[in-house]
Structure formats: structure tokens, C-alpha cells
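Numbering (this note's numbering), first residue to last: 427 to 810. Built from N, CA and C at the ideal position, the CB exists for glycine as well. Structure first, then comments.
In C-alpha cells:
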């Protein structure tokens, strides 16, 4: 049994124990995780494990409050993305690219996040975890372990994921249980659907299967009613946790639009004081891209800029580079043509939803009108 640092709140106690004695899903190498840290670590770990197995590419997931903030594969950067992520020269390393892309999807969210990676961590990746709270990985080199252990005054959490969590030939990652009010509830959790034979095309020509995998992984592990925009193997906007799908769609769209606006030349060209690090720079670029800065925030923004007067200059957002080839996934079918219309504004060319019949004809017509393919999977992915 592992005694955790706290429960959901600081005044609560918590502990964790493996379902099968002496076979926990990870080994605690350093730090003292909380109840939420463990949930984030396990959710992120299952996400990258599924993506690595599906795509064969290094993967990273950034989780915060039990939902993904960003998920990415270690594909090569698209032109201009190295400027967007603002990390300086990076080694030609797939895991570095996956970590940067996942953790800088939504930099305001991936701050104090728990990060999972599909590959062993080496000293090369260590600086990319500086503002996280912990990492779960298949392994760590001795140098990486020593350096990460010093983060956050020695409180950084390091977990070594075990390769197998099978019991009686069945992965325990596909089962979830909760105990409440004297009752234990257990359910089987569907894995990502197989694309060969597990999906069908309602209209159009399917696009990137890697983007489909990332998008489905995002909605599979996010709080319902989850929607995820994905481009070039990485999420660019995830919306979740609302009681209606349109609000989740709008939230995901706002985040995707913010990501898009961060590529604006005026945003990329902002000059910051030398003591402002890359994570803080990314947050301020996102704040500017969101728009509607209050007077106090604008004054704070001016304080981190090399030229404070730049804080009063509003970019011409019409000059923002357009998005294209974007995939949008939902964790359940929906009948709302409005979702397709919102998606079209953000360069979506591929929609993926679980099977459904309500409003299917209108949805198909809308996809065809906007030149969008519609892929249907066999499973829904509600998560609460």
C-alpha cells in the first residue's frame, strides 16, 4: 500500500493499493504523489501506451485534474512550429518533440501537470519537464533521475510504469472501479477502436490515421462531453466537462483558435525580458491570443516585455495563418449541424464520432457541404 500525500483536498487522507498484491502498475521512485496525481499519472500512462502501440511513434500526454491538457506524437515539427513552441534549438529526438507539442498545446493548463511518456527519459528531455509536477515513464537513465529529483525543491514525483498490467489475460487498464456510499461500481472501459474494420466512412475520404488516433485518445480520456481538435499528430484544443456538447465544442474551438493565433507573426515576434522563461512566454502569448486582456492583466503583460509599449498593440488577427487538415473527434454522436459549421471555420477536414442515427442525414449533408469527411467508430467514450 502507498500512503498518498493527500486526497482530493489537503485535509483529506488517501492511499493506493494494487488490485493484485505485489503487482502495482508503477514503482514510486521519488516524491509523494497525491490522489489526483495518481489518477493523472495512470490516465496519461494509458493514453501514451495506446498511442505508442497504435502508431509506433513516441507519445506524450499532459494531464491536469484527470483530463488531458495536451497529447502529441513525436512527429517532425511543421514549418514554423519550432518558433511557436519557443524552446530554442532542440535535439533531433522524437520524445522531445512529443513532450514539447503535448505540453504547449494549452500552456496555461500544462502548468503543474502530470506528464506521461512512452519512452525512457534521458537527460536530453529533462529541461522540458521543469514546470510539471511529475513524470511517469517506462524508465529513467540515472542522470535523468538525479536531475529530475532536484526539481521543485526535491518534491518532483517520478514513477516507473510497469510494462504489463494483465490479470488472467485481460488488461486491468480496461477496468475501472469506484467505491462510494458503501457500494463498489466496476465497469469495463473500451480501448481505442481498431481502424481496420472498427470504423466506417459516412462521407468523404479519410485523412491521417495518426490524427484519428490522437483525437480518439483525447476524447477517450477526457471528461464528457469531450471534443478534441488535432493537427499534425497533436491536440490543438480540447473541450470537456460541460453538460452539453455545444459548450464543449465552443471551449475546444476557443482553445484551437488560441493555438492558431499564437502563430501570428506579431505574437511570435514579441520581445520578452531576458529573465522570462519559455513556459511563462508561452502563457503570455496564449493570453494575448485569447484577447480581452483586462487593465490589470495588460499592465502585468507590459511588465514582462522588453518594450512595455508592445502590450498596447493589438495584432491584426485577420493576418493569422489559417489552419488546414484538422481532425475533430467527439466522445459520442451528436445531431448538431452547428458543430460542423464551427469546425469548418477552424480548418477541419475530418470528423470522427461514435455511431448514431439522430440527425445523421443533416450531419452528413453538412459535412459534404464543407468538404469534410465523416468517420464513424463503433464505441462511445463517455467518462465521468
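Query raised in the report: Alpha carbon to alpha carbon, what distance is there between residue 437 and residue 639?
Result: 39 Å
Query raised in the report: Considering only residues of the same chain and omitting the five flanking positions on each side of residue 656, which have a CB-CB separation below 6 Å?
Result: 637, 640, 641 and 753
**Report entry** Test item: CB-CB of residue 542 and residue 559 under 8 Å
**Finding:** no
Query raised in the report: What are the residues that DSSP puts in a beta bridge with residue 456?
Result: 584
Query raised in the report: Can you tell me whether DSSP reads residue 593 as helix, strand or coil?
Result: Because residue 593 sits at a pLDDT of 46, beneath the cut-off of 50, its placement in the model cannot be relied upon, and the following sentence gives the value as read from the coordinates. If DSSP states are grouped into helix, strand and coil, residue 593 belongs with the strands.
Query raised in the report: Between which two residues does the alpha helix (DSSP H) carrying residue 727 extend?
Result: 721–730
**Report entry** Coil, strand or helix - residue 827 by DSSP
**Finding:** The question about residue 827 has no answer here: the residues shown for the chain are numbered 427 through 810.
Query raised in the report: residue 658 and residue 529: beta carbons closer than 8 Å?
Result: no
Requested in this report: Could you spell out the range, first to last residue, of the alpha helix (DSSP H) harbouring residue 784?
Outcome: Neither: residue 784 is in no alpha helix (DSSP H) and is coded neither H nor E.
Query raised in the report: For residue 557, does the count of other Cβ atoms within 10 angstroms reach 16, so buried, or fall short, so exposed?
Result: buried
Query raised in the report: Contact check, residue 666 vs residue 648 under 8 Å by CB: the rounded distance?
Result: 4 Å
Requested in this report: With a threshold of 16 other CB atoms inside 10 Å of the CB of residue 740, please say whether the residue is buried or exposed.
Outcome: exposed
**Report entry** Beta-bridge partners of residue 626, as assigned by DSSP
**Finding:** 802
Query - Rounded straight-line distance, which links the Cα of residue 684 to that of residue 536 - result: 15 Å
Report task. Sort 514, 435 and 466 by Cα distance to residue 585 and report the nearest one. Result -> 466
**Report entry** Neighbourhood of residue 622 by C-beta, 7 Å cutoff - its chain only, sequence neighbours within 5 removed
**Finding:** Here the model assigns residue 622 a pLDDT of 41, short of 50, so the residue's position is not dependable and the matter cannot be decided.
Query raised in the report: Just how far apart, CA to CA, sit residue 726 and residue 720?
Result: 10 Å
Query raised in the report: Once you ignore the five residues that flank residue 453 on each side, which residues in its own chain have a CB closer than 6 Å to its CB?
Result: 586
Query raised in the report: Between which two residues does the alpha helix (DSSP H) containing residue 479 stretch?
Result: 461–481
Query raised in the report: By Cβ distance below 6 Å, which residues in the same chain neighbour residue 758 in space, the five residues on each side in sequence not counted?
Result: 780 and 806
Report task. Using the Cα positions of residue 589 and residue 462, report the straight-line distance between them to the nearest angstrom. Result -> 22 Å
Query raised in the report: Along the chain, which unbroken stretches of the beta strand (DSSP E) at least 3 residues long are found entirely within the segment 494–561?
Result: 540–543
Query raised in the report: Between the segment 691–703 and the segment 765–785, do three or more beta carbon pairs fall short of 8 Å?
Result: no
**Report entry** 8 Å Cβ cutoff met for residue 540 and residue 582
**Finding:** no
Query - Three-state class that DSSP yields for residue 686 in the structure shown - result: helix
**Report entry** Neighbourhood of residue 533 by C-beta distance below 7 Å, restricted to the same chain and skipping five residues each side
**Finding:** 705, 708, 709 and 712
Report task. Following the continuous beta strand (DSSP E) through residue 656, name the residue where it begins and the one where it ends. Result -> 653–657
Query - Backbone secondary structure at residue 485 - three-state DSSP - result: strand
Query raised in the report: So, residue 653 versus residue 625, is the Cβ gap smaller than 8 Å?
Result: no
Requested in this report: On the DSSP bridge assignment, give the partners of residue 760 in chain order.
Outcome: According to DSSP, which records beta bridges pairwise, residue 760 is partnered with nothing at all.
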